[in-house]
Amino acid sequence: MSELTTEFFERFGVRVVHSSTYHPQSNRVERFYRTLGRMLRVLCSEEGPDWEKHVPAALFSLRIVTDESTGFSPSELVHGNLRTPVTLLYENWLEPDEERLQ
Numbered sequence: 015m016s017e018l019t020t021e022f023f024e025r026f027g028v029r030v031v032h033s034s035t036y037h038p039q040s041n042r043v044e045r046f047y048r049t050l051g052r053m054l055r056v057l058c059s060e061e062g063p064d065w066e067k068h069v070p071a072a073l074f075s076l077r078i079v080t081d082e083s084t085g086f087s088p089s090e091l092v093h094g095n096l097r098t099p100v101t102l103l104y105e106n107w108l109e110p111d112e113e114r115l116q
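With my numbering applied, the sequence shown corresponds to residues 15 to 116, in that order.
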């Protein structure tokens with residue numbers, strides 16, 4: 015690592031952990047790519063072989079899933095709470111029906 019990178023990590027308290035390449039059990043990036051590949055295979059088998067068309071939807075669906083280690087989804091950390099059709103539906107499941115309560 016460069017001196018600048020090392021100084022940046024030290025200043026902001028970032029702990030660097032090295033992992034083996036192509037070892038999905040210890041590397042989150044490899045697991046992400048494996049999951050993305052599986053999603054694209056399923057989408058291509060259902061909707062045609064043009065995998066490039068499915069990348070935005072697959073990435074969006076991966077980015078809105080809450081991460082167990084942080085408790086936040088990547089999109090939530092960048093954009094705040096996104097109001098997607100799924101979250102709107104989920105909110106309706108959690109909110110009590112006012113008419114039934116009265």
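All residues carry an ideal CB built from backbone N, CA and C; glycine is no exception.
query                                                                                : result
Coarse secondary structure for S89, derived from DSSP in three states                : helix
Whole-angstrom distance between R77 and E44, CA atom to CA atom                      : 15 Å
Length-filtered (4 minimum) alpha helix (DSSP H) runs lying within the stretch 24-72 : 42-61
Integer Cβ distance of A72 from L96, believed to fall under 8 Å                      : At roughly 16 Å, the Cβ-Cβ gap does not stay under 8 Å, so A72 and L96 are not in contact.
Residue-level contact to chain B via CB, V100, 9 Å cutoff                            : Among the protein chains of the structure shown there is no chain B, as only one such chain exists.
Nearest residue (CA-CA) to F46, options H68, D81, R25 and E90                        : D81
CA-to-CA distance, V28 to Y36, given in whole angstroms                              : 23 Å
Rounded separation between D64 and E17 - CA only                                     : 44 Å
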